[in-house]
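Colleague: Heads up: the sequence lines are chains A and B, in that order.
Counting in my numbering, the first sequence tops out at residue 147, every number present.
Counting in my numbering, the second sequence tops out at residue 147, every number present.
There are 2 protein chains.
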Amino acid sequence: MIQPFDDKYFMRKALQEAEIALFEGEVPVGAVIVCQNQIVAKGRNQVETLNDATAHAEMLAFTAATNYLGSKYLKDCTLYVTLEPCQMCAGAAFWSQIGRIVYGAEDKQRGYQHWQCKVHPKTKVTGGVLADESTKLLQSFFKKMRQ
Amino acid sequence: MIQPFDDKYFMRKALQEAEIALFEGEVPVGAVIVCQNQIVAKGRNQVETLNDATAHAEMLAFTAATNYLGSKYLKDCTLYVTLEPCQMCAGAAFWSQIGRIVYGAEDKQRGYQHWQCKVHPKTKVTGGVLADESTKLLQSFFKKMRQ
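1) For a contact defined as C-beta to C-beta under 9 Å, what are the partners of residue 10 of chain A on chain B?
2) For residue 144 of chain B, which residues does DSSP report across the bridge?
3) Determine the closest residue to residue 121 of chain A out of A:139, A:98, A:110 and A:114, with distance taken between C-alpha atoms.
4) Starting from residue 79 of chain A, trace the beta strand (DSSP E) in both directions and tell me its first and last residue.
5) Between which two residues does the alpha helix (DSSP H) holding residue 9 of chain A run?
6) Please state whether DSSP places residue 124 of chain B in a helix, a strand or coil.
7) If you follow the beta strand (DSSP E) that residue 38 of chain B is part of, which residue opens it and which one closes it?
8) The alpha helix (DSSP H) with residue 117 of chain A in it runs from where to where?
9) So what's residue 73 of chain B in DSSP terms, helix, strand or just coil?
10) Please check the pair residue 65 of chain B and residue 101 of chain B, which I expect to be a contact at CB under 8 Å, by giving their CB distance rounded to whole angstroms.
11) Can the beta-carbon of residue 129 of chain B be found closer than 7 Å to that of residue 111 of chain B?
12) Would you kindly check if the distance between the Cβ of residue 92 of chain B and the Cβ of residue 62 of chain B is under 7 Å?
13) Establish whether the CB of residue 6 of chain A and some CB of chain B are separated by less than 7 Å.
14) Within the continuous alpha helix (DSSP H) that includes residue 47 of chain B, where are the two ends?
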């Protein structure tokens, strides 16, 4: 059976959010939260725009998803995010008890796994989905920053 | 010289926020952020009220402080919080580069130190300020929950 709504499909939607962030002069990270094959929330890094160091793509998406669903827990949802979450966002994922996290590129500097942080024990994690596309966006941002 | 604005003074302000949270049916945790002896932001746990698992006292206070100061970094600020921050809130403190964290009671279940999480290397941390008052508020909440 054809499965059009696979991990790559939703990661492409998260990458579109990252592209908007890049256009806005932000470190390009994007996220979507999916429940029963439907996107219930989107987020993109807005640290500069909102002048708020906590305004990561995932944080904004978590709050948007809980608003939309009317539930503070996201047990039946999947977070798609273009970069491995940091300690803060992994902590938020813990509290939301999100069912699954799918991320794109690894973050060897600030990623929660490299910092040996936790997500909820029931949360399943898949990394490396469309990682190259995510890395290319990040590289183009940092190249532009250096110029 | 008399120093009226000491750690206990500001922790009492954070405890007042925790008391409001208790009154609202929330786990009683409160926070204030102080810059040059002035409170620039307050926050109290609003997870139930906002139906958002990320709405911890510290998170709300960080965002309020950056809004008020117009700066995403809080290097010259001190966070007073009645309970040891969790992984998420310690991660937010990391990104804000807050100068100092003063907390009340230890959180042996979810505290960032017990989870071996990080704050910014330049952030100074003091624990145990009015810890008994914080613990009493938490105990009264959980006692009421069990009834």
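In this text, a Cβ means the ideal position worked out from N, Cα and C, and glycines have one as well.
Modeller: The structure says:
1) Taking the first residue of the first sequence as position 1, residue 10 of chain A is located at position 10. At a C-beta separation below 9 Å, residue 10 of chain A has no neighbours in chain B, since its nearest C-beta there lies roughly 21 Å away.
2) For the purposes of this step, residue 144 of chain B is identified with residue 144 of the second sequence, where counting begins at 1. None, per the DSSP bridge assignment.
3) For this step, residue 121 of chain A is matched to residue 121 along the first sequence. For residue 121 of chain A, the nearest C-alpha among the options comes from A:98.
4) Mapped onto the first sequence, residue 79 of chain A falls at position 79. Note, residue 79 of chain A: beta strand (DSSP E), 77 to 83.
5) Position 9 of the first sequence, counting from 1, holds the residue named residue 9 of chain A. Segment 7 to 23, the alpha helix (DSSP H) holding residue 9 of chain A.
6) Along the second sequence, one-based indexing puts residue 124 of chain B at 124. Residue 124 of chain B: strand per DSSP, three-state reduction.
7) Counting from 1 along the second sequence, the entry for residue 38 of chain B is found at position 38. Segment 38 to 44, the beta strand (DSSP E) holding residue 38 of chain B.
8) As a working mapping, residue 117 of chain A is identified with position 117 in the first sequence. It is not in any alpha helix (DSSP H) - residue 117 of chain A carries neither H nor E in the DSSP assignment.
9) Reading the second sequence from its first residue, position 73 is the one you call residue 73 of chain B. Note: residue 73 of chain B maps to coil in three-state DSSP.
10) Position 65 of the second sequence holds residue 65 of chain B. Position 101 of the second sequence holds residue 101 of chain B. Contact between residue 65 of chain B and residue 101 of chain B is ruled out by a C-beta separation of about 13 Å, above the 8 Å threshold.
11) On the second sequence, residue 129 of chain B is found 129 positions in, with the first residue counted as 1. On the second sequence, residue 111 of chain B is found 111 positions in, with the first residue counted as 1. No, they are not a contact pair.
12) Indexing the second sequence from 1 puts residue 62 of chain B at position 62. Indexing the second sequence from 1 puts residue 92 of chain B at position 92. Closer than 7 Å, so yes.
13) Counted from its first residue, the first sequence places residue 6 of chain A at position 6. Not closer than 7 Å to any Cβ of chain B, the Cβ of residue 6 of chain A fails to qualify, so no.
14) On the second sequence, position 47 is the one that residue 47 of chain B refers to. Counting along the chain, the alpha helix (DSSP H) containing residue 47 of chain B begins and ends at 47 to 50.
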